[in-house]
Structure formats: C-alpha cells, structure tokens
DNA sequence: CACCCAGCGATTGCCAACAATCCTGCCGAC
DNA sequence: GTCGGCAGGATTGTTGGCAATCGCTGGGTG
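Residue numbers (my numbering), protein chains in the order written: chain A, -1 to 214; chain B, -1 to 214.
Next comes the structure, spelled out in structure tokens:
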C-alpha cells in the first residue's frame, strides 16, 4: 500500500497483535513503535491508520491507539458473517481446485491431525488459519478471501481460547476433515455445508460460557 | 474517524464518487481537492487513504489516486459476497424489527413503487440503497451492515446501469416487495430466501451483456 | 480527610517546507 | 521522420518541528 517503511511497520504490528505480544487493550504509543520497529513516526502513524481501517486497532482522538478488544458478542457476530462467506469460498474451491492444490490440502490435514494428536494447540490454531488460507486460494475469489481474512484477523484470540477447551480440537478437526473431503471430491454443495456447519459449531461453542476465565 | 476536516473531505469525496461526479478512473489530484473542499492537504491525504482502505479509490505510488474502476467480473464477485450477507441481514431483521421500523419499511416500499411508476430511475436507484440501509438498521448487526455497506458502495455505478435496462426495475421491485413482506411478517426463512434470490437475480442480470454500451 | 484545580510532562495531531518521482515538451542524433 | 534523452513543471511522499490535548502530580481549600 504505502512506502516500504509503512509496510514494515504494518507487518510488525499485525504480527505482534496476532501473536498476542500486544494483547487487546494494549496501548500503541507512537514513539515506542518508532523505537521498536525502526521507522519514522509518519510510517508508524500510517500503519496504525491502516490497522484501524482493518478493525484490528481502535483509535481515540488525542488519546492514542489501542489493540481492539473484541467482546464475545462481537466475536459471535463476526463469525455469523463468516459462516456464509466461508461457505461461498468452500463451494468455489470445490469447483475450481487443482489437483496440486487438492494434494496440498490433504497433506495439510495430515499435519493438523498430527498436531491434535500431539496436543500442540498453539500450532493447531495456526494450522487452522493456514487451512482457511489454502481454501481461499483454491477458491480464486479475492474479494471473499479478503473479507474473510479481515474478519478472521479480529478473531485470533477467541479462536485460540476456543482451542483450549477440552475436546474442542477433536470436534473441530472432524468438521474440517469433512470440509477437505468434500472439496477434494469436487462436491460444492457438501463443501459449502461442511464449512457452514463447522462455523455454526464455532458460534455454539462461543455462546457457551468458557470453562476457565471470562470472555477476555 | 479523524479530525472534522478529514471527515468533511471523506464525506465530500464519497458523495462525489457515488453521485458520479467523479467517475471511475477520475484522477484525484490532491491540490484540486484542497481547492474544492477547502481543507488542508493532510486532511485530503488522510481522506483518500480511508477511501483506499474501503476500496472506493485506488492509489498508485507516486502516481496519485483514481476512482477505482470496478469491472463487471468484480461486480459479480462482490455481489456473490453480498448474497449471503444480505440474506443474514434480512433474517436478523425479520427476527428483530420493531413495529415502527416495519411501518417505515412498508412506507418506503410505497415510495419505491411510485418512483418506478413515474420512471424516475435515478431516484429508484437511490431508494434501493435506502431500503437496504433500513433493513440493515432493523437487523441490529453492525458488523454485517458495515461489510455490506462497503461492498455496496463499490457497486453504485453498476446498480444504476442495471436499473437503466428496460423491465429491470419492475423485476427488482417485485423481489424487494417479497423481501419487505417477509420481514414485516417476521418470517426469517422467507426473508433470507427473498434477499438471496433478489441478489442472485442481480448476478444473472450482470452476467448478461448490457444492451447499450459495454461493461464500463 | 476528601476534593478541586493549576501546572507540567508526555503524547498525539497538524502544517509547511523539502525531497523524490513522474509526465510533458523539446532538442538533437541517426 | 523517428527515436532517445534531457530539462522543466507538476504532483506526490516524507520529514521535522510546532501546536493542541491529555493525564498526572502536588498543593491548596472546605
């Protein structure tokens, strides 16, 4: 979008936020970001503007920017939007996926199964995101992919919290296995249904109270 | 978002673009915008940044900003995303609409019918947008409403082009009448189906070659 | 003791000038 | 006559500094 410096700042901040190094509510002081990233204040400022536009960061006039706090209600609303959009992507992917992509998808599913078996939840959470990215690529629908990507970026924290619940990864993996199968079978209807079902399950899980700790 | 000046610039530009005063491809020269709007260059610059983030404007480094040209293919892809999102909004609206809102919706439908009867297509096109806004309000789903609003903003030109086709407004009005009926009847299923059907019709119409002139 | 308010450091917001880049028109060479 | 390239003007991008605002601290007062 902007200068290389701005892109750098954007990348660093986005990663720091999604990795949790800068948790929701964290104050983004411009001078600190300048020192951290090593670019000019203008670049930092523009990068923050971009993240505000994406909904990852909130800015209050004269009071600075903070990493946006996404409540459980908002997380549900965001996922409600994702339900049909991921369905759309899954359907398009089933229609358009190449053999090479299909193989890659199945291999990825294997990696995910291994991660669940070994109990590496951090990794599994990241692999889920990559799976969605693979489906979005295969769908060749940049607009839906962009929308879904932005929505998902706001949910990283909730998704990770979700994967911490006992039994949840197994359920999740089952749904995603169905999704991958439907896509590699080139069955658009089944793929769309699998994607929607899976995310509806996410909504249900989000609606239930978290076993440990509150919504934050 | 930003200073009042920036908001002013954003509002003026957005309106100019959606009204067609600045057609797709139009070059947004910063100095001109400063003279036109009467705010500082920084404010214009930030406003343009915001519009770029919304997808209304395209910026090429060192070459300035232009009103984004949305091809027919992109318009279809955008509408494909709108199909299920408007469906979601329609369903939520049917669940949550108040009596006052329902009356307002029906009154609006009356205005639309009158506009079609009188052949005022410009007005009808605008009324359609307002109808969607009313539905979005009633749905109380700010996230979906925001997504749909941004998508729709990119389509104003195509939607107007569409309404110029002979017979199209009648078809459109019929579909929207069904939608309004389902919502005021508090029938979520039917509302969702009506919204989706209507937009699928839009996709079909967009796919057919335009009778006069090309895709632009 | 609690409350209020003035002063101060920290932080953000804005502007004007400067630097970098691009487009246009013109000149010369082949 | 056409192509290459080189100023000159126009436009965008960036930097540094200044103004505005905020939150906090400390002193004064009821």
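By construction, the Cβ of each residue, glycine as well, lies at the ideal position given by its N, Cα and C atoms.
As the structure is a prediction and not an experimental result, all values here were calculated from the model.
Residue i bridges to which residues according to DSSP?
{"i": "residue 11(A)", "result": "For residue 11(A), which the question treats as bridged, DSSP gives no partner whatsoever."}
{"i": "residue 50(A)", "result": "Residue 50(A) pairs with nothing; no bridge assigned."}
{"i": "residue 63(A)", "result": "26(A), 57(A)"}
If we call anything under 8 Å between Cβ atoms a contact, is residue i one with residue j?
{"i": "residue 92(A)", "j": "residue 33(A)", "result": "no"}
{"i": "residue 143(B)", "j": "residue 134(B)", "result": "yes"}
{"i": "residue 65(B)", "j": "residue 23(B)", "result": "yes"}
{"i": "residue 10(B)", "j": "residue 62(B)", "result": "no"}
{"i": "residue 171(A)", "j": "residue 114(A)", "result": "yes"}
{"i": "residue 106(B)", "j": "residue 129(B)", "result": "yes"}
{"i": "residue 156(B)", "j": "residue 75(B)", "result": "no"}
{"i": "residue 31(B)", "j": "residue 7(B)", "result": "yes"}
{"i": "residue 197(A)", "j": "residue 109(A)", "result": "no"}
{"i": "residue 55(B)", "j": "residue 3(B)", "result": "no"}
{"i": "residue 173(B)", "j": "residue 191(B)", "result": "no"}
{"i": "residue 132(B)", "j": "residue 103(B)", "result": "yes"}
{"i": "residue 98(B)", "j": "residue 182(B)", "result": "no"}
What is the DSSP secondary structure of residue i, reduced to helix, strand or coil?
{"i": "residue 211(B)", "result": "Annotation note: pLDDT 46 at residue 211(B) (below 50); position unreliable, coordinate value reported separately. Three-state DSSP puts residue 211(B) in coil, outside helix and strand."}
{"i": "residue 173(B)", "result": "helix"}
{"i": "residue 165(B)", "result": "coil"}
{"i": "residue 120(A)", "result": "helix"}
{"i": "residue 152(A)", "result": "coil"}
{"i": "residue 95(A)", "result": "coil"}
{"i": "residue 195(B)", "result": "helix"}
{"i": "residue 147(B)", "result": "helix"}
{"i": "residue 110(A)", "result": "helix"}
{"i": "residue 179(B)", "result": "helix"}
{"i": "residue 82(A)", "result": "helix"}
{"i": "residue 42(B)", "result": "helix"}
{"i": "residue 231(A)", "result": "No answer is possible for residue 231(A): it lies beyond the span of chain A, which begins at -1 and ends at 214."}
{"i": "residue 20(A)", "result": "coil"}
{"i": "residue 1(A)", "result": "coil"}
Would you please verify whether the beta carbon of residue i is less than 8 Å from any beta carbon of chain B?
{"i": "residue 62(A)", "result": "no"}
{"i": "residue 153(A)", "result": "no"}
{"i": "residue 160(A)", "result": "no"}
{"i": "residue 12(A)", "result": "no"}
{"i": "residue 139(A)", "result": "yes"}
{"i": "residue 47(A)", "result": "yes"}
{"i": "residue 136(A)", "result": "no"}
{"i": "residue 85(A)", "result": "yes"}
{"i": "residue 51(A)", "result": "yes"}
{"i": "residue 216(A)", "result": "An answer regarding residue 216(A) cannot be provided, because it is not within the stretch -1 to 214 covered by chain A."}
{"i": "residue 191(A)", "result": "no"}
{"i": "residue 142(A)", "result": "yes"}
{"i": "residue 2(A)", "result": "no"}
{"i": "residue 207(A)", "result": "no"}
Could you tell me whether any Cβ in chain A is nearer than 8 Å to the Cβ of residue i?
{"i": "residue 78(B)", "result": "yes"}
{"i": "residue 22(B)", "result": "no"}
{"i": "residue 75(B)", "result": "yes"}
{"i": "residue 145(B)", "result": "yes"}
{"i": "residue 167(B)", "result": "no"}
{"i": "residue 164(B)", "result": "no"}
{"i": "residue 214(B)", "result": "Because the pLDDT at residue 214(B) is just 37, under 50, the model does not fix this residue reliably, and the point stays unresolved."}
{"i": "residue 7(B)", "result": "no"}
**Report entry** Contact between the region 135 to 143 of chain B and the region 155 to 173 of chain B (3+ Cβ pairs under 8 Å)
**Finding:** In short, these stretches do not touch, since the Cβ pair count stays below three.
Query - Stretch-stretch touch, CB-based, cutoff 8 Å, three pairs: the region 181 to 188 of chain A with the region 92 to 107 of chain A - result: Enough Cβ pairs lie closer than 8 Å, so yes.
Query raised in the report: Is the region 66 to 85 of chain A close to the region 69 to 88 of chain B, with three or more CB pairs under 8 Å?
Result: Yes, the region 66 to 85 of chain A touches the region 69 to 88 of chain B.
Query raised in the report: Between the region 35 to 52 of chain A and the region 67 to 75 of chain A, are three or more C-beta pairs nearer than 8 Å?
Result: Taking 8 Å as the limit for Cβ pairs, the verdict is that the region 67 to 75 of chain A does not touch the region 35 to 52 of chain A.
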